[in-house]
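Notes to accompany the following structure.
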Amino acid sequence: APLELQRGDVELACGGRLAYEQTTSVGPLVLFFHGTPGSRREAALVHHEALAAGIRLVAVDRPGMGHSTHQPNRKILDWPAQVEQLADALGAANEPFGILALSGGAPYALACVRAMPHRLRHVAVASGHTPMGPVCAPEGSQDAKMAWVARHPRLAGRLVDVVDKRLDRRPDQTVQMLAKSWSCADRQLVFGDPWLKRQLVKNLELATRCGSDGVVRDIQILGSCWGFSLCEAQGVGVSFWHGGCDEIAPPAMGRYFQRQVAGSELQIDPRAGHVTMLKWHAAEIFARLA
274 APLELQRGDV ELACGGRLAY EQTTSVGPLV LFFHGTPGSR REAALVHHEA LAAGIRLVAV
334 DRPGMGHSTH QPNRKILDWP AQVEQLADAL GAANEPFGIL ALSGGAPYAL ACVRAMPHRL
394 RHVAVASGHT PMGPVCAPEG SQDAKMAWVA RHPRLAGRLV DVVDKRLDRR PDQTVQMLAK
454 SWSCADRQLV FGDPWLKRQL VKNLELATRC GSDGVVRDIQ ILGSCWGFSL CEAQGVGVSF
514 WHGGCDEIAP PAMGRYFQRQ VAGSELQIDP RAGHVTMLKW HAAEIFARLA
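As structure tokens, this is what we get:
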């Protein structure tokens, strides 16, 4: 069922703004970091679960996606300072908050752990993507695609534009095309729920609302050196959640994260895929974040 969403934005000290969306303005604050490509609307996946858990879930657009201002040369390590400004603007200057990251949101969440553990309550990373290289990802996985985007950003931008135009003209067929790389569980979840499918289309439309530059930069960043070692992310509880049927971020990535991030917890559900892992385990995840 549709929910009433409150949209807002915060002016950044470095110029520009970050846009966000929330389902409620009460309850423990949890910031949602979307995947790549994505936007704040990706959080629709767990809007109802967040409300049921009494969580104030605030999903934020990264620069150049949705309604957030593009920052052409941004790095992952620029993100924590911007998140601090967002949390302050949301009234959490003196209380810790949680972070929930999905897929390509992983490096941004872990950069926040490294930079400001004292401000965080817990960080949950669902189906997180590791840095390039250390994990043997399955053949035809995202790694090769990200490396290609890093080498050919302008060509990648044109490709994103083509997919975007197809999405406008034929949303159903475009989602079917994108779904070819998904697990059975993910396909059943999205195609079995017309509302969720519409939100997914909206998520992708928002990602490229201002063109392809923001998305291409996000993929470039994910596929390049992150600028910090994972072992530097410590000082607050971190949990990793991976589905056994996920070929985009396979369980091997979760095991790598757990080895690198001291004291972290890893949950693997052999039946879950890339987005079903978060959907099916949302109640447990929000219990840790509360």
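As numbered in this note's numbering, residues 274 to 563 make up the sequence shown, in order. For glycine and all other residues, C-beta sits at the position ideal for the given N, C-alpha and C.
Checklist entry - On the premise that phenylalanine 370 lies in contact with leucine 393, defined as a C-beta separation below 8 Å, what is that separation, rounded to the nearest angstrom? => result About 7 Å; that satisfies the 8 Å criterion.
Next on the checklist: Are the CB atoms of valine 283 and leucine 291 within a distance shorter than 8 Å?
Outcome noted: yes
Next on the checklist: What does the alpha-carbon distance come out to for the pair aspartate 441 and glutamate 478?
Outcome noted: 8 Å
Item to check | Whole-Å CB distance - methionine 338 paired with valine 489, under 8 Å assumed | outcome: The Cβ separation is near 11 Å, so there is no contact.
Checklist entry - What distance in whole Å lies between the Cβ atoms of lysine 348 and isoleucine 492, which are believed to be in contact at a cut-off of 8 Å? => result Their Cβ separation, rounded to whole angstroms, is 14 Å, which puts isoleucine 492 and lysine 348 out of contact at 8 Å.
Checklist entry - If you scan the region 358 to 439 from start to end, which runs of the beta strand (DSSP E) of 3 or more residues do you find wholly inside it? => result 370 to 375 and 393 to 399
Item to check | Continuous alpha helix (DSSP H) assignments of at least 4 residues falling wholly in the region 444 to 477 | outcome: 444 to 451 and 457 to 464
Next on the checklist: Comparing C-alpha positions only, which one of Arg329, Phe305 and Thr342 sits nearest to glycine 484?
Outcome noted: Thr342
Checklist entry - Mapping DSSP to helix, strand and coil, what is glycine 288? => result coil
Checklist entry - In three-state terms, what does DSSP make of isoleucine 521? => result Isoleucine 521 falls in the coil class under three-state DSSP.
Item to check | Start and end residues, alpha helix (DSSP H) containing tryptophan 514 | outcome: Tryptophan 514 -> not in any alpha helix (DSSP H); beta strand (DSSP E) instead, spanning 511 to 516.
Item to check | When Ala332, Ile328 and Cys518 are compared against asparagine 476, the one with the closest alpha-carbon | outcome: Ala332
Next on the checklist: Looking at the strands, I want to know which residues DSSP matches up with tyrosine 293.
Outcome noted: The partner list for tyrosine 293 (beta bridge, DSSP) reads Gly281 and Val333.
Next on the checklist: Using only the alpha-carbon positions, how far apart do threonine 417 and valine 299 sit?
Outcome noted: Strictly speaking, residue 417 in this sequence is alanine, with threonine absent from that position. Computed Cα separation, rounded: 42 Å.
Item to check | Nearest-angstrom Cα separation, counted from glycine 377 out to threonine 403 | outcome: 9 Å
Item to check | CB of valine 398 within 8 Å of CB of alanine 374, strictly | outcome: A contact, by the Cβ cut-off of 8 Å.
Checklist entry - Among Lys438, Gly281 and Trp421, which has the Cα closest to the Cα of glutamate 294? => result Looking from the CA of glutamate 294, the closest CA among Lys438, Gly281 and Trp421 belongs to Gly281.
Checklist entry - With respect to the alpha helix (DSSP H) encompassing valine 488, which residues constitute its N-terminal and C-terminal limits? => result Valine 488 -> alpha helix (DSSP H) spans 486 to 495.
Checklist entry - Which same chain residues, not among the five before or five after leucine 285, have their C-beta less than 7 Å away from its C-beta? => result Leu291, Gln355 and Gln358
Checklist entry - Applying the criterion that 16 or more other CB atoms from any shown protein chain within 10 Å of the CB defines a buried residue, is tryptophan 352 buried or exposed? => result buried
Checklist entry - Shortest alpha-carbon distance to methionine 526 belongs to which of Gln446, Ala452, Ser497 and Gly406? => result Gly406
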